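Trainee: Residue numbers (our numbering): 3 to 152. Please see the structure below; I have some questions.
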């Protein structure tokens, strides 16, 4: 495992990892990577690997890059990594389900808001209609009583 983090300066540098046969096993050129990255690879070799962070051909400004290289036996870490992978997959599934639920709830909220607005307009229309009907009944009663009392 190799990780790097830019402490000072930009990301205009190349990162290359080569195996003992000089084959490139990882390459990221300026602009392709962020300020922080981790590179994982496994090997059964006891030979030397080359880790290169190169700024030639770019801004040539001063850069401070923190570089960490970790070596370990996969057999020793496999028991620790497997539960972590399961937990990560479970957590990812939970987040995806939560995201889907959120989308569904937003759609339902939108539909409910539309229904509430329709109901509000219907209630307002019914109230106005009731006022008009009561006014008409009052006017009719006025004329009927006026005629009856003559």
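Every residue, glycine too, gets a C-beta built ideally from N, C-alpha and C. All values reported here derive from a predicted model rather than from experimental measurement.
Pull up the distance between the alpha-carbon of residue 29 and that of residue 114, whole angstroms please.
Mentor: 52 Å
Trainee: Quick test of your reading: residue 35 and residue 17, contact by CB under 8 Å. State the CB separation rounded to the nearest angstrom.
Mentor: 7 Å
Trainee: Nearest CA to the CA of residue 61: which residue from 83, 41, 46, 32?
Mentor: That would be 32, whose Cα lies nearest to the Cα of residue 61.
Trainee: If we ignore side chains and look at the alpha-carbon of each, how far apart do residue 40 and residue 107 end up?
Mentor: One C-alpha to the other measures close to 37 Å.
Trainee: Please say whether residue 11 and residue 63 have beta carbons closer to each other than 8 Å?
Mentor: yes
Trainee: If you follow the beta strand (DSSP E) that residue 53 is in, where does it begin and where does it stop?
Mentor: 52–56
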